[in-house]
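Some notes on the structure that comes next.
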Ligand code: NAP
Ligand code: MG
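Numbering (the numbering used here), first residue to last: 90 to 582.
So this is what it looks like as structure tokens:
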């Protein structure tokens, strides 16, 4: 018997009105972990109304008090870190070291966002008139609709919901169907931390049944979405017609550049981790390497050897280095791209499902490497979201930068070089939201802005000193204490 979970609406745990449910699975074993409400627009509507009602008092709660609750949630997350990490590995497959890191992002973000409650700086400035005061302040937007993916099921909700709540918004949270349990823990923790009823509401259910009605709901003032480009652009189109504010974090096709003077040992370690960590299912995962022709064959040989040696298995086993893909549909996508890649480059490692022994029960795929792929090949340009890496030969830094910047996406990029001039040129010229020097493409820190250019996003950045931007409006306030009418925007000279 699996446990039955419920939605959280207006401070109460309730089933979907229809009584329908869906199941959460362990992708390493196929085991059923829990049963969740398959909600619909009725449930969503109730949640939005609860959030709209709670907004009236939450926005007037002093920001430092709001932030204290977020900070307290961070303390609870810290106490439960290990249990949360284990639950996450069971739910979506990545190895324990990675799920611990995902939970740690929640702790870091709680402390960072908590501090924001006592900053949230506005700007005061002199008026052009005598006896007049001028300033600008941040204001909450209202009800925030938050839609998240399964690959960072604790970190991504933290990046969005913690700043949204500190800023004085209330929220409705729709997590990915593949990772409902992490969303349930997240919400429970905020309930325990003392969040008033209705400030955070959780509605489980599909993108079509809950996500789409959330985007369309007239009482939801801002949507924050992380997920695929296809869904994100659809949300953007709907929100655009409604004049609704939306912040989008979408796909990536992140590249590492390896120059002929690179420390090759370091590059191999970093590329392995960036390409096959989280089974290639990070938005910042490296899925192509532009490598100087002089070191291409050597890098391919070393990476292939190491990729073949990676130990696949259940992420809860301490010796496992790479877990399963999240579901069968991701396996099918990876299989499709591997078939395409066989005609586009030289397959030097992997290329098939991994089915030895217990692996047969889960969604496992071998770490896969294609060498000598053209920069325009599909495996070198399209997001695969699996353990598939393509090596592209380049002759110069300029060529590598041009290939990087021709991508439809612009999340993360990296360069391995010992030459400071090349490093600085790359930092200046790589058109991505994140650039690494002598480090892989993954591993962002919460106190720096996170997000991408071109097809990856729509100009917003999460976390960092930018965390409040998607969830606040600026209000300019003028106070005239002259006691007479002083007219501005006319010529007073
Ligand atoms: P997805 O299919 O786009 O789903 C993301 C979320 O949107 C899920 O909660 C999903 O619900 C929901 N959704 C689906 N259709 C919807 C609709 N019509 N209206 C509103 N919501 C809808 O993405 P995914 O497969 O879960 O995640 C993988 C993708 O996320 C990759 O492309 C990856 O690059 C991207 N990603 C980007 C970042 C970043 O920061 N740039 C970070 C992580 C992941 P269901 O789960 O119920 O379908
Ligand atoms: Mg699952």
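All C-beta atoms, glycine included, are put in the ideal place defined by N, C-alpha and C.
Nearest to residue i (by Cα), restricted to the options the options
{"i": "residue 553", "options": "205, 340 and 496", "result": "205"}
{"i": "residue 350", "options": "339, 536 and 382", "result": "382"}
{"i": "residue 571", "options": "520, 355, 268 and 216", "result": "216"}
{"i": "residue 203", "options": "163, 192 and 328", "result": "163"}
{"i": "residue 464", "options": "352, 98, 269 and 493", "result": "493"}
{"i": "residue 461", "options": "377, 487 and 417", "result": "377"}
{"i": "residue 291", "options": "130, 482, 136 and 524", "result": "136"}
{"i": "residue 236", "options": "254, 225 and 303", "result": "303"}
{"i": "residue 486", "options": "309, 518 and 149", "result": "518"}
{"i": "residue 473", "options": "528, 567 and 369", "result": "369"}
{"i": "residue 456", "options": "420, 484, 286 and 433", "result": "420"}
{"i": "residue 191", "options": "247, 140, 153 and 544", "result": "247"}
{"i": "residue 126", "options": "443, 92 and 140", "result": "92"}
Under the three-state DSSP convention, the category residue i falls into
{"i": "residue 519", "result": "coil"}
{"i": "residue 554", "result": "helix"}
{"i": "residue 181", "result": "helix"}
{"i": "residue 501", "result": "strand"}
{"i": "residue 562", "result": "strand"}
{"i": "residue 129", "result": "coil"}
{"i": "residue 513", "result": "helix"}
{"i": "residue 463", "result": "coil"}
{"i": "residue 148", "result": "coil"}
{"i": "residue 292", "result": "coil"}
{"i": "residue 415", "result": "coil"}
{"i": "residue 430", "result": "helix"}
{"i": "residue 540", "result": "coil"}
{"i": "residue 546", "result": "strand"}
{"i": "residue 284", "result": "coil"}
The alpha helix (DSSP H) enclosing residue i, as first and last residue numbers
{"i": "residue 248", "result": "244-255"}
{"i": "residue 196", "result": "185-205"}
{"i": "residue 322", "result": "318-331"}
{"i": "residue 587", "result": "Residue coverage of the chain in this structure runs from 90 to 582, which leaves residue 587 outside it and unanswerable."}
{"i": "residue 154", "result": "152-168"}
{"i": "residue 234", "result": "Run containing residue 234: none in the alpha helix (DSSP H); it sits in the beta strand (DSSP E), 232-236."}
{"i": "residue 492", "result": "486-494"}
{"i": "residue 528", "result": "No alpha helix (DSSP H) holds residue 528; DSSP gives it neither H nor E."}
Range of the contiguous beta strand (DSSP E) that encloses residue i
{"i": "residue 125", "result": "121-126"}
{"i": "residue 53", "result": "With the chain covering 90 to 582 only, the question about residue 53 has no answer from this structure."}
{"i": "residue 338", "result": "334-338"}
{"i": "residue 315", "result": "311-315"}
{"i": "residue 215", "result": "212-215"}
{"i": "residue 260", "result": "259-263"}
{"i": "residue 480", "result": "477-483"}
Chain D within 8 angstroms of residue i, Cβ atoms only
{"i": "residue 295", "result": "Any reference to chain D falls outside this structure, which holds one protein chain only."}
I want to know whether the region 261-268 touches the region 192-203 - three or more CB-CB distances under 8 angstroms. no
Inter-stretch contact at 8 angstroms, needing at least 3 Cβ pairs: the region 337-350 / the region 446-455: no
Where in the region 341-378 do unbroken runs of the alpha helix (DSSP H), each at least 4 residues long, occur, reported from the N-terminal end onward? 353-365
Does the pairing of the region 166-185 with the region 503-515 give three or more beta-carbon distances under 8 angstroms? no
Do the region 236-249 and the region 310-318 make contact, defined as three or more Cβ pairs closer than 8 angstroms? yes
Specify whether the region 431-443 and the region 392-403 touch according to this definition: at least 3 beta carbon pairs, one from each stretch, less than 8 angstroms apart. yes
Is the region 497-504 in contact with the region 519-529, if contact means three or more CB pairs nearer than 8 angstroms? yes
Do three or more CB pairs link the region 531-541 to the region 560-571 at distances below 8 angstroms? no
Contact between the region 280-290 and the region 210-228: three or more CB pairs below 8 angstroms? no
Okay, do the region 149-167 and the region 318-326 touch, 3+ Cβ pairs below 8 angstroms being the bar? no
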